[in-house]
Amino acid sequence: MYVAVKGGEAAIENAHRLLAEKRRGDPAVPELTTEQIAEQLSLAVARVMAEGSLYDPDLAALAVKQARGDLIEAIFLVRAYRATLPRFGNTLPIDTATMAIERRISATFKDLPGGQLLGPTFDYTHRLLEPGAVTDGTRQPVAEAPVDADADAEPIPRVTDLLGRDGLIEPEVDGLDRPVGDLTREPLSFPADRDLRLQALARGDEGFLLALGYSTQRGYARSHPFAGEIRMGEVEVELDVPELGFAVSLGRITVTECQMVNQFKGNAEQPPQFTRGYGLAFGHAERKAMAMALCDRALRARELGEELTAPAQDEEFVISHSDNVQATGFVEHLKLPHYVDFQAELGLIRQLRAEHEAREAGDGTREAAE
Amino acid sequence: MTAPAYNFAYLDEQTKRMIRRAILKAVAIPGYQVSFASREMPMPYGWGTGGVQVTAAVIGPDDVLKVIDQGADDTTNAVSIRAFFAKVADVATTTRTEEATIIQTRHRIPEAPLHEGQILVYQVPIPEPLRFLEPRETETRTLHALEEYGLVHVKLYEDIARHGHIATTYAYPVMVEGRYVMDPSPIPKFDNPKMDHSPALQLFGAGREKRIYAIPPYAQVVSLDFEDHPFEVQTFADPCALCGATGVYLDEVILDDRGGRMFVCSDTDYCEGRRGEAEA
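Protein chains in written order, with the numbering used here: chain V, 1 to 370; chain R, 1 to 280.
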């Protein structure tokens, strides 16, 4: 007898056991620790923290391990955990001007106050597989920073602040006259304000934003971008405590910030100014921050009075499809049984085919729409 | 069995309150899609996160839960969701339609008539009945506000012109209480008439799309049609091969690669109940 769909429970349990076994792999090979993942796969961990919207390298490393290296699955694990966490309040905006900088580059000026600091970058590596270099365990000594990196050093000014001093770039809006939005607590509606758009982009899939950002460079809403500045390093996170009357530090987090400087706007009243696109992501996540900045700039089209012609400018299109946890869920749910609906389609198509056959058979008097 | 780390029925009480408010609004405006701040659930979007959140918000310790997918209690996702609530809410579960106080469903309405006091929770993938005619939410909300439903009728008419029939076989749009056109979720249109004047409360949850809507008990639900092309449900030539039921929705089961097939009840509880009676 075929109709033996019973046993779903045992099947699920067995599938989970098999998954655990596959996750572990060959037991003769030492098991990865989450510390190893956090330390040695730190860019994967950063991506999980950024798109999981939760700054916790240990949990992100655990998620990467549990997900067998499937980063979208790991992001999902972190998101589901995050949804259960209570909210105590909003921190003060982080101040990236006071960042303890690990990397800082500008593509718009050869030299500038604070200098160019390459930091740990793949940019000028030759992409040759080098098993020895990454596995023999020996470490080349790292060059000492030529400048004294003591905490009292002058903060390194942001390129956009330097441009802003001369009025060459549009001023950044300073804060909001309402609490900052949170699309994980309030349903998003369109048109969405920039704070919510930036939140959605910060959580958005790196690959999706990368492709959209790329499309703007290839002419679909071109904005003539320059990487004004990319900086990566630690910033202080502070929370205002009303009882104390001052802000207390909660700790430091690593973020990557990208300020794109884009072609100018101006009108009869206002002289031309460069415009901004902004990207910020947890951890070292340069590709994400840059793609986000391109998308942010494209999505400001309406605000800047630009013609809406390209997908990257279409906020409903971009924001509704940028979340990879949502996207993967809906795409993958096609795996779930749909046989009731398929039966309905099957019935209709058989009926339509039978009617077609009857007509072909010469019964020409029948109306198509009987 | 209860996981101590999580609140009763998984969601925290603030979230449940937020969802209950959305449900109350939805009940007050039958067929209207209420936005809610859908949470990330520990199962993927597309697996019924909307339905799970609605169930979690309305379930109490005394409830008896039934979960079906494609009409069956033993499909893997139904098993998984039932196990989830058994774990996080420690509630009694059942496969018997009559015994359940809450029935969470994907793609079917049970064959056995529902009664007062029962809640039917639908899992909804795309809550917007106009979505495939107009992809923009900003536009569709305006169309609903203006009661501008010409597009749907044009779509149905085009089906007739092209195929001789309305070619929508599931997720067939309905008009609720003469005001809102509503997506009944991807149930076969066979089930549409069961929604009309049902004594049970019908709640619809769409997690990824962040919408909740409702049909209160005894509300009027009319499937859209034309005077000369009245709404019709699917009929099956043969009765259920297992229990002999007629006038129910059947699944086609392929038996071999030579065209052998049989048709059996999609509602496994209904089918088993009838076979049990026959043996008794």
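Positions of the beta carbon are idealized from the N, C-alpha and C atoms, including for glycine.
First and last residue of the beta strand (DSSP E) that includes V/Lys335?
Locating residue 335 of chain V in the first sequence gives position 335, counting from the first residue. From DSSP, V/Lys335 is part of no beta strand (DSSP E); its letter is neither H nor E.
Skipping 5 residues on each side, what residues in its chain have a beta carbon closer than 7 Å to that of V/Ile101?
Here residue 101 of chain V is taken as the residue at index 101 of the first sequence, counted from 1. Once the five neighbours on either side are set aside, the close Cβ partners of V/Ile101 are Leu117, Ile156, Arg231 and Gly233.
At 4 residues or longer, and completely inside the segment 116-202 of chain V: list those alpha helix (DSSP H) runs for me, N to C.
The qualifying runs are 131-135 and 159-165.
What are the boundary residues of the alpha helix (DSSP H) that includes R/Met41?
Translated into the one-based positions of the second sequence, residue 41 of chain R becomes position 41. Premise fails: R/Met41 is in no alpha helix (DSSP H) and is neither H nor E.
Would R/Leu203 pass as a contact of R/Tyr122 if the rule is Cβ separation under 9 Å?
Locating residue 203 of chain R in the second sequence gives position 203, counting from the first residue. Locating residue 122 of chain R in the second sequence gives position 122, counting from the first residue. Taking 9 Å as the cut-off, the beta carbon of R/Leu203 is found closer than this to the beta carbon of R/Tyr122.
Determine the direct distance from the alpha carbon of V/Ser53 to that of V/Val237, and round the result to whole angstroms.
Start at 1 with the first residue of the first sequence, and residue 237 of chain V comes out as number 237. Start at 1 with the first residue of the first sequence, and residue 53 of chain V comes out as number 53. C-alpha separation (whole angstroms): 15 Å.
Does the CB of R/Ala3 have a neighbour CB from chain V at under 9 Å?
By 1-based counting over the second sequence, the position of residue 3 of chain R is 3. At R/Ala3, the pLDDT of 41 sits below 50, so the modelled position is not reliable; the number obtained from the coordinates is stated separately. Not an interface residue.
Do the segment 89-109 of chain R and the segment 25-41 of chain V meet, that is, are 3 or more Cβ pairs less than 8 Å apart?
no
Since R/Thr105 is in the beta strand (DSSP E), which residue starts that stretch and which ends it?
One-based indexing of the second sequence puts residue 105 of chain R at position 105. Judged by DSSP secondary structure, R/Thr105 falls within the beta strand (DSSP E) whose first and last residues are Ile102 to Arg106.
Could you pull out every residue in the same chain whose Cβ sits closer than 7 Å to the Cβ of R/Val253, ignoring the five residues on either side in sequence?
Taking the first residue of the second sequence as 1, we reach residue 253 of chain R at position 253. Excluding residues within five positions, the ones whose Cβ falls inside 7 Å are Arg261, Met262 and Val264.
I think R/Gln234 touches V/Gly347, with their Cβ atoms under 8 Å apart; what is that distance to the nearest whole Å?
Walking along the second sequence from the start, residue 234 of chain R turns up at place 234. Walking along the first sequence from the start, residue 347 of chain V turns up at place 347. The Cβ separation is near 5 Å, so the contact holds.
Cα-Cα, which of R/Arg275, R/Phe226 and R/Arg208 is closest to R/Cys240?
Working through the second sequence from its first residue, we reach residue 240 of chain R at position 240. If we check each option's Cα against that of R/Cys240, R/Arg275 comes out closest.
So, under 8 Å CB-CB, R/Thr94 and V/Gly8 are touching, yes? Tell me the CB distance rounded to an integer number of Å.
Position 94 of the second sequence, counted from the start, is the residue given in the question as residue 94 of chain R. Position 8 of the first sequence, counted from the start, is the residue given in the question as residue 8 of chain V. At roughly 16 Å, the Cβ-Cβ gap does not stay under 8 Å, so R/Thr94 and V/Gly8 are not in contact.
Is the CB of R/Val79 under 9 Å away from at least one CB in chain V?
Within the second sequence, residue 79 of chain R is the residue found at index 79, counting from 1. Yes - at least one Cβ of chain V is within 9 Å of the one on R/Val79.
Report yes if the C-beta distance between V/Ala60 and V/Ala74 is below 9 Å; otherwise report no.
Here residue 60 of chain V refers to the residue found at position 60 when the first sequence is read from its first residue. Here residue 74 of chain V refers to the residue found at position 74 when the first sequence is read from its first residue. It is a contact, given that the beta carbons lie within the stated cut-off.
Tell me, please, whether the segment 218-234 of chain R touches the segment 58-75 of chain R by the rule of three or more beta-carbon pairs shorter than 8 Å.
Three or more beta-carbon pairs separated by less than 8 Å are not found between the segment 218-234 of chain R and the segment 58-75 of chain R, which leaves the two stretches without contact.
Mind listing the chain V neighbours of R/Phe36? Cutoff is C-beta to C-beta under 7 Å, in chain order.
Position 36 of the second sequence, counted from the first residue, corresponds to residue 36 of chain R. The answer, in chain order, is Pro187.
Pick from V/Leu212, V/Arg197, V/Glu229 and V/Tyr339: whose alpha carbon is nearest that of V/Arg104?
As a position in the first sequence, residue 104 of chain V is number 104, starting the count at 1. Comparing Cα positions, the closest option is V/Glu229.
Should the segment 183-200 of chain R be regarded as contacting the segment 294-314 of chain V, the criterion being three or more beta carbon pairs within less than 8 Å?
no
Would you check if the distance between the CB atom of V/Leu280 and the CB atom of V/Arg197 is smaller than 9 Å?
Working through the first sequence from its first residue, we reach residue 280 of chain V at position 280. Working through the first sequence from its first residue, we reach residue 197 of chain V at position 197. Not closer than 9 Å, so no.
Flag this pair as yes or no: are the beta carbons of V/Ser223 and V/Gly167 separated by less than 9 Å?
By one-based count along the first sequence, residue 223 of chain V stands at place 223. By one-based count along the first sequence, residue 167 of chain V stands at place 167. Between V/Ser223 and V/Gly167, the CB-CB gap reaches or exceeds 9 Å.
Kindly list the residues whose CB is nearer than 7 Å to the CB of V/Phe190, restricted to its own chain and excluding five residues on each side of it in sequence; keep chain order.
On the first sequence, position 190 is the one that residue 190 of chain V refers to. Around V/Phe190: Glu315 and Glu316.
Classify V/Lys65 as buried or exposed, calling it buried when 16 or more other Cβ atoms lie within 10 Å of its own Cβ.
The sequence position of residue 65 of chain V within the first sequence is 65, counting from 1. Per the 10 Å Cβ criterion, buried.
For chain V, check one thing: does any of its Cβ atoms lie closer than 9 Å to the Cβ of R/Pro42?
Within the second sequence, the letter at position 42 stands for residue 42 of chain R. So yes, R/Pro42 belongs to the interface.
In chain order, what are the residue ranges of uninterrupted beta strand (DSSP E) at least 3 long that sit wholly in the segment 22-91 of chain R?
64-69
Output the distance between the C-alpha atoms of R/Ala112 and R/Glu134, rounded to the nearest integer angstrom.
Translated into the one-based positions of the second sequence, residue 112 of chain R becomes position 112. Translated into the one-based positions of the second sequence, residue 134 of chain R becomes position 134. One C-alpha to the other measures close to 36 Å.
If the cut is a Cβ gap below 7 Å, which residues of chain R does V/Gly305 touch?
As a working mapping, residue 305 of chain V is identified with position 305 in the first sequence. Within chain R, no residue comes near V/Gly305; the closest Cβ sits about 19 Å away, beyond 7 Å.
Find the residues of chain B that neighbour V/Asp341, judging by a C-beta separation of less than 7 Å, and give them in chain order.
In summary, chain B is missing from the structure at hand, where the protein chains are V and R.
Report buried or exposed for R/His115, applying the criterion of at least 16 other Cβ atoms within 10 angstroms of its Cβ.
If you number the second sequence from 1, residue 115 of chain R lands on position 115. Result: exposed.
Quick check: what's the CA-CA separation for R/Arg39 versus V/Glu130?
Walking along the second sequence from the start, residue 39 of chain R turns up at place 39. Walking along the first sequence from the start, residue 130 of chain V turns up at place 130. Their Cα atoms are separated by approximately 44 Å.
For V/Asn90, name the three-state secondary structure that DSSP assigns.
Numbered from its first residue, the first sequence carries residue 90 of chain V at position 90. If DSSP states are grouped into helix, strand and coil, V/Asn90 belongs with coil.
What's the C-alpha gap between V/Tyr339 and R/Pro125?
Within the first sequence, residue 339 of chain V is the residue found at index 339, counting from 1. Within the second sequence, residue 125 of chain R is the residue found at index 125, counting from 1. Roughly 16 Å between the two C-alpha positions.
Using 8 Å as the threshold, is the segment 287-297 of chain V in touch with the segment 256-271 of chain V, meaning 3 or more CB pairs across them?
yes
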